[in-house]
Structures are given as structure tokens and as C-alpha cells.
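S.K.:
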Amino acid sequence: SVYISTGDTGAGSWLHAPTKDVTPLSNDHFAIATKLRLNKTQMRLDTHPCQRCTDTRSCDAPVTPQMPLLHLAAMIPIKQKPTILVTNDDGITSPGIRLLAEAMHEIGDVFVVAPDSPQSGMGHAITLDEPLRVEHVDIFKHIKAWQCTGTPVDCVKIAVDKIIKGKPDLCVSGVNHGSNSSINVIYSGTMSAAMEASIEGIPAIGFSFLNYSYDADLSVCKKVVKQVTHQVMKHGLPQNVLLNVNVPNVD
């Protein structure tokens, strides 16, 4: 076995192999450990990637001290950014989803899956009588995006089943132009998309801006969007609970 000790000794921490050889970890390896918050802990590595193996997670070759430290470091399960699904009901070209996607891009690994045209007022409708088509689009810089011919709820279902192929860590919907409060929540495609995610066990938030103008200045929403998202990522949400956030129209 190999033990990587990452105590409070800085870049001089040691990697201990089952021999008399003791090799100091490089700054790069210690940086990985620091990001993982592994101070005062030890990780036991019973396998390692061999010279012939490209799958660093499943190689079962015996550990030897001759193996490069870089290969051993590759075995450390680096925590990835959270996967965030972004959708809406105003369509993939709306200003609101652009702001939301860009804000989420600063927090996690973003997948945008949204209707190819406005779907306001669709509620929790799904498409039954015609094929759904999904197309990869290059709309957002450095952000993966797909447009779908279906409803907002269709977009969530397709994202989870066909695009992400698993549950994201968070689903955010919006930013909607106009209020989503009171009975409007029942009709809202924005909130129905978030509700669908919540039904599937995914923490979800719907964002709306209390200004119905297509040209509304949405910049005021970005700070709120990021603050709420960080709190949800940090503390989570109770099962089957989603958030409906309406941002006031203020200067």
C-alpha cells in the first residue's frame, strides 16, 4: 500500500511506499491535497495506474516505489465542480437565461438545455404527440448548450436522461421576465421546470425578475442569483422542496 500524508508540513509532506525509499511530494501534489482539504488525514492507495494502463481508476497492478508520483497523484479523487442544469421557459435566446448561465458558469459545470422558442404559460406540460428534437448550439461562450423543441419540463427530462445522463447537483430555471408569485406558479413554465427537477430529487431554484420588459436591465439579479445558489449548494434543500425567488425591480 501507499500512504500519502498531507499534514501541516507544507510542500515537504511525504509519500511513503512499502520500501525504505521516501520521496517528497511536489508542490503540484500538495496543491491537489490542499484543494481536497486533506490536512491531517491519510489516503490509502491499494492500486495504482501502471505504465500500460490509461484507466487510472481501475488499474490493479501492484504498487512499486518506481511508479512516478504523478501517476499516484492521479489516483486522488479530485472533487469536481458541481454540475448545474440551466433551463427556462422564455427560450434559449432570452436575456434571462444568458445571465443565469453566465452566473452559474462562475460556480459549476453548466449544461444549458432550454426550449428553442418561448414556452411561457406551459405549466407542467410534456410533449406526447410529436417527436422531440434536441440540437447542440454555440450560443454561450465556454458553456455547453442545447435547444429543444419541447416544453420546459421536456427540457429537464431530456437533460437528465440523455444529455447529462444522470442527476445534476442543482437545477436553476429563469431568469423569468415578470413575477412568478401566487397562482402564477401553477401556470409558469419557469417554475414547472424547477418543480420537475425537484420531483426527480434534484435541488432546484426558479428565478424571476419583477419587470416584464424584454429589454429590462437584469444585472441587478446576478448578485441575488449567486448568493442564493451558494447558500443552496452549501446547506442543501429539504427533499421535495424548491425555491421560488422573485427579484424586485430596483435601481
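Residues in the sequence shown are numbered consecutively from 1, following our numbering.
Glycine is no exception: its CB is placed at the ideal position from the N, C-alpha and C atoms.
1. Which whole runs of the beta strand (DSSP E) in the stretch 194-232 are 3 residues long or more, in chain order?
2. Give every residue of the same chain whose Cβ lies closer than 7 Å to the Cβ of K167, excluding the five residues on either side of it in the sequence, and list them in chain order.
3. Would you report the Cα separation of M195 and N176, rounded to the nearest angstrom?
4. At the level of alpha carbons, what is the spacing between Y214 and F111?
5. In the DSSP assignment, find the beta strand (DSSP E) that holds V252 and state where it starts and stops.
6. Count the other CB atoms, across all protein chains shown, that sit within 10 Å of the CB of Q162; report buried if there are 16 or more and exposed otherwise.
7. Identify the residues that DSSP records as bridge partners of F111: which are they?
8. Determine, using beta-carbon pairs with one atom in the stretch 112-131 and one in the stretch 238-251, whether at least three such pairs fall under 8 Å.
9. Could you check what DSSP says for G174 in three-state terms: helix, strand or coil?
10. Would you say V245 and I183 are within 9 Å of each other, going by their C-beta atoms?
11. Does the Cβ of Q147 have 16 or more other Cβ atoms within 10 Å, making it buried, or fewer, making it exposed?
12. Give me, in chain order, the residues of the same chain whose beta-carbon lies closer than 7 Å to that of V153; leave out the 5 immediate sequence neighbours on both sides.
13. Hey, could you find the ends of the beta strand (DSSP E) N244 is sitting in?
14. Please state whether DSSP places A125 in a helix, a strand or coil.
15. Return the Cβ separation of S173 and T87 in integer angstroms, given the expectation that the two are a contact with Cβ distance under 8 Å.
16. From what residue to what residue does the alpha helix (DSSP H) around K162 run?
17. So what does DSSP say about T149, is it helix, strand or coil?
18. Taking all protein chains shown into account, do 16 or more other C-beta atoms lie within 10 angstroms of the C-beta of I97, making it buried, or fewer, making it exposed?
19. Please determine, among I164, M233, T151 and K144, the residue with the shortest C-alpha to C-alpha distance to E130.
20. Near L218, what residues of its chain come up, given a Cβ to Cβ distance below 7 Å and the 5 sequence neighbours on each side ignored?
21. Of the choices A114, A101, T149 and E135, whose alpha-carbon is the least far from that of L128?
M.R.: So, from the data block:
1. 204-209
2. V160, E200, G201 and I202
3. 15 Å
4. 24 Å
5. Any answer about residue 252 is impossible in this case: the structure gives the chain only from 1 up to 251.
6. In the sequence under discussion, the amino acid at residue 162 is Lys, which differs from the Gln named in the question. It counts as exposed.
7. L85 and K144
8. no
9. strand
10. no
11. buried
12. H124, A125, I126, S192, A193 and E196
13. L243 to V247
14. coil
15. 5 Å
16. Careful: K162 lies outside any alpha helix (DSSP H) and carries neither H nor E.
17. coil
18. buried
19. T151
20. P95, G96, L99, V175 and F209
21. T149
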